[in-house]
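Residues in the sequence shown are numbered consecutively from 6, following my numbering. Backbone N, C-alpha and C define an ideal beta-carbon position, used for all residues, glycine too. As structure tokens, the structure follows; a few thoughts come after it.
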Amino acid sequence: MLRRLRLRRISLKKKHEQCPIAISQLYLHSSGKVYPCGFIQGRESIGNIKESSMKEIWNGELATSFRQSHQAGTNSTCSEMQGKYNCHLLHNHINTEREDTKIKRLDIMIDSFCNLVCIMCTNRSEENQGFTNEAFWKELEESILPDIEEIELVGGEPFVVKDTYRLIDLVMKVKPSIRWCFVTNGHFDFDRLLAKRLQHLNIYSAAVSIDSFIPERFKEIRVNGDLDKALDTLRKIRKERDLKKFYLTCNFLIQRDNYDEVRAAINFCKEEEVAFYPMLLRDPSDFSILNFPNSKLASIVKDFLCIYRETKNLKIYNIALKIIKSKDKDFLLEVAEDLPELERVEHD
């Protein structure tokens, strides 16, 4: 009876939470399509900047309905994404109590082009040419940027895309105080970029994606990549972080080819004084550990829980918990001996 109770409690779905992004942001995709956030890319488009202005999209029926359903806690897509990714916790620094309804944040994938060919990436096949309309840039300068508090750049690789620098220059002209968040693969000339652009920006956070610390494996996952180059860029960004005091993370996407490196990744980040940010790859499913046989996946989960007990890294604990919640009762029974510890941590 006690074990059944524990299994039931572990299997409870996470309550729908309020997310500051839902009421303050537009995610601008490289195709021109607009979404409330990047986590629902391809699912709930609320407009297209090639067809409408950003203000028309923001005040339109689709965007308004989305915000209303989210605030009411009835948006099933947000509920699903929160359960999988805890995405509502990523931007706690953004004020959720707003008296106005202006756009305050932009998440932008200007172009899906990348200088690497990562085996698990789907963005490189995305449509581009979404930002060729000069009316978009005019509206951005005159009507949108004055109210913007934060911009996040994703890709592809944003630092090898020409329009990234057009955007940076425009922000520096209109509102230099805007906070910047960057996600990069680290394969660019950081010294040149710092001297020309980055040293003047109000950087809030930077993330460097490194999915293996074994050189040959890194090349197999991030085709055309070089581990030494990524590490060199990470360390150069760290020096800038020490001066400017922004957040710096090492993003580690857990997948079939690297799940056995989690402990090493945590140790590396500790030694380098960089925050470790693990993520669980779900799609494409061919590269996800979730498709392993239950016995193998259970062994991995137990190892993740062991790593948690050794390191007290709550992010890897949370990934273990999400794997367990995604499986059926037979899988739960496979890891039952670890559930008491898991349950205790969940309620601490």
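One thing to note: residue 141 has its Cβ no nearer than 8 Å to the Cβ of residue 90. Rounded to the nearest whole angstrom, the CA to CA distance from residue 196 to residue 255 is 19 Å. Secondary structure note for residue 71: its alpha helix (DSSP H) is the uninterrupted segment 66-76. The C-alpha of residue 338 is placed about 42 Å away from the C-alpha of residue 158. Non-local beta-carbon contacts of residue 168 in its own chain, meaning distances under 8 Å to residues more than five positions away in sequence, involve 115, 116 and 136 in chain order. Of the residues assessed, residue 189 falls on the buried side of the cut-off, its CB having 16 or more other CB atoms within 10 angstroms.
With respect to the 8 Å criterion, residue 290 and residue 299 are not classified as neighbours on the basis of their beta carbons. Annotation for residue 251: 208, 209, 210 and 211 place their beta carbon closer than 7 Å to its own, counting only its chain and skipping 5 residues before and after.
Annotation for residue 267: the continuous alpha helix (DSSP H) segment containing it runs 267-277. Residues of the same chain with their beta carbon placed closer than 6 Å to that of residue 245 are lacking, with the five preceding and five following residues left out of the count.
In the same chain as residue 126, and ignoring 5 residues on each side of it, the C-beta atoms closer than 8 Å to its own belong to 119, in chain order.
Non-local C-beta neighbours of residue 63 in its own chain, meaning closer than 7 Å and more than five positions away in sequence, comprise 31 and 108, ordered along the chain.
Close CB contacts of residue 306 within its chain, under the 7 Å cut and outside five residues either way in sequence, are with 325, 328, 329 and 340 (chain order).
In the three-state reduction of the DSSP assignment, residue 88 falls in the helix class, which pools H, G and I.
Taking all protein chains shown into account, residue 227 has 16 or more neighbouring C-beta atoms within 10 Å of its C-beta and is therefore buried.
Counted as a single uninterrupted DSSP element, the alpha helix (DSSP H) harbouring residue 331 occupies residues 319-331. For residue 158, the enclosing beta strand (DSSP E) stretches over residues 155-158.
Around the beta carbon of residue 214, a 10 Å sphere encloses 16 or more other beta carbons of the protein chains shown; the residue is thus reported as buried. Taking the Cα positions, residue 175 is about 23 Å away from residue 42.
The continuous beta strand (DSSP E) containing residue 186 extends over residues 184-189. Taking the C-beta atoms as reference points, residue 222 is found no nearer than 8 Å to residue 279. Distance from residue 83 to residue 27 at the Cβ level is roughly 7 Å; contact confirmed, criterion being Cβ atoms closer than 8 Å. Contiguous alpha helix (DSSP H) elements confined to the stretch 217-247 occur at 220-226, taking only those with 4 or more residues. Annotation: residue 31 is outside any alpha helix (DSSP H); the continuous beta strand (DSSP E) that includes it extends over 30-33. Residue pairing from DSSP places residue 112 in a beta bridge opposite 32 and 157.
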